[in-house]
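Below you'll find the structure, written out as structure tokens, and then a few comments.
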Ligand SMILES: CC(C)(COP(=O)(O)OP(=O)(O)OC[C@H]1O[C@@H](n2cnc3c(N)ncnc32)[C@H](O)[C@@H]1OP(=O)(O)O)[C@@H](O)C(=O)NCCC(=O)NCCS
């Protein structure tokens, strides 16, 4: 399968433009305080990264290489990919348009009772619950904050769509990553053949985050 030319549609731009800021907001001139250019949120190791909505097909090479290398690329699409309301986000290198991180999100009731799991504030109705799938960063770009940028775009999207609960079947190897992003585990671990041990994780999405 060929992904073909990819034309990103600017939608959600995580990377703020670099802007000058003083260490001392009251100071009058750059010389008095020394101006600094804060590192934009999406600049990682000198590489500028935008997070945008992308066509699901643009996420397939990373899904395949990182999550499902034992399968053929024809097997990596999810049935939800082309359903209305499904969103796939990509972290895209500004310099060359390369997609280096991906995640897909869609409405899907949680596999647990929200109140029993401790979801606060009455959140987690079937209509306001979203599922995260296909979260992956290209292997040579992991550990630099790309996944966190993509996750934040997912959180903002879910909140903008009125969602208040996000869950996923997390690989046990990614639990720490999700915990740092505010997820907690639910229930027992289980093994998905060829994918290893998993556990359900969930996170409340605050309506006010967008
Ligand atoms: C899990 C995964 C998506 C996380 O993506 P990522 O881009 O590596 O995530 P981040 O860089 O934001 O965070 C990962 C780590 O980098 C650290 N980090 C974050 N920002 C950083 C920065 N600017 N510089 C260096 N390290 C940073 C984080 O603290 C985190 O530490 P950890 O390795 O101890 O967890 C990615 O590692 C991956 O694709 N793994 C394989 C597939 C997988 O398991 N996917 C999840 C399926 S449920």
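Numbering (my numbering), first residue to last: 3 to 212.
Idealized CB from N, CA, C, for every residue including glycine.
Predicted model, so just to flag it, every value in this text is computed and none were measured.
Item	Value
Run of the alpha helix (DSSP H) containing residue 156, from where it starts to where it stops	148–162
Beta-carbon gap between residue 105 and residue 136 smaller than 8 Å	yes
Limits of the unbroken beta strand (DSSP E) element including residue 118	Premise fails: residue 118 lies in the alpha helix (DSSP H), 116–119, not in any beta strand (DSSP E).
Per-residue DSSP class, three states only, for residue 66	helix
Three-state class that DSSP yields for residue 196 in the structure shown	coil
Start-to-end residues for the beta strand (DSSP E) that takes in residue 138	131–139
Residue 196: CB within 7 Å of a non-hydrogen atom of ligand 1	no
Span separating the alpha-carbon of residue 133 from that of residue 160	10 Å
Closer than 7 Å: residue 88 CB and nearest ligand 1 heavy atom	no
Distance CB(residue 129)-CB(residue 188) smaller than 8 Å	no
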